[in-house]
Amino acid sequence: MGDLKVCYDCAFWYLFFSSRKYKKEHDYEIIGGHVYVVNNEETGDVIVYNIYRVYILYHNGSVQSYNDCFHIGKLTEPYRKKHKDTAKFITQKLYNRLKNRQNFKCQAKGCYDRYNCMFYHPEEHEQNGPFNQIPNDWVVGNEKCPHFANRNDILEQIDDKQFPF
Numbered sequence: 001m002g003d004l005k006v007c008y009d010c011a012f013w014y015l016f017f018s019s020r021k022y023k024k025e026h027d028y029e030i031i032g033g034h035v036y037v038v039n040n041e042e043t044g045d046v047i048v049y050n051i052y053r054v055y056i057l058y059h060n061g062s063v064q065s066y067n068d069c070f071h072i073g074k075l076t077e078p079y080r081k082k083h084k085d086t087a088k089f090i091t092q093k094l095y096n097r098l099k100n101r102q103n104f105k106c107q108a109k110g111c112y113d114r115y116n117c118m119f120y121h122p123e124e125h126e127q128n129g130p131f132n133q134i135p136n137d138w139v140v141g142n143e144k145c146p147h148f149a150n151r152n153d154i155l156e157q158i159d160d161k162q163f164p165f
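In this note's numbering, the protein residues as written are 1 to 165.
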């Protein structure tokens, strides 16, 4: 495109990121190669224009909920390599579990749900191998642990049925 000598999509992302370079606050998230602009206001569950509250899990383990989340677009390949994912979408159920236990680490190495729990880190507790074997017919969540936060509640992408924007 013109002076930049790049395609329209790359020019769009160049202008998008360069316009945000000097902002004090980071107002966008990259999730699954898609860019979303988020707003920190927490006023209610639903606002105008069918924008619903979304829940985000950052790579450092912190969580945040946002009322306004606007999908800007999918990054082109050159920008995908340069700008890595910053977070993941999670369900409200997982958000509520993680919100009050930001630094909690489970040490129940005998729990059958341990490999599906966000709080269990096998690399810390199983240097000599697993403590026990989980039965093949085990149903995740049947342990009824009060700290259990299911890893399967991390969403790869926003589902249009769940968030109809």
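We put the beta carbon where it would ideally sit given N, CA and C, even for glycine.
Can you say whether F119 is buried or exposed, counting buried as having 16 or more other CB atoms within 10 angstroms of its CB?
buried
Check whether T86 and E126 have beta carbons under 8 Å apart:
no
Would you kindly work out how many angstroms separate the C-alpha atoms of V121 and P130, rounded to a whole number?
Just to set this straight, residue 121 is His in the shown sequence, not Val. One C-alpha to the other measures close to 12 Å.
Could you check which residue in E143, D137, F70, S65 has the C-alpha nearest to that of Y36?
F70
Terminal residues of the continuous beta strand (DSSP E) containing E29?
28-31
If I measure Cβ to Cβ from F12 and keep anything under 8 Å in the same chain, skipping five residues before and after, which residues do I get?
G73
In this structure, how does DSSP classify Y55 when only helix, strand and coil are distinguished?
strand
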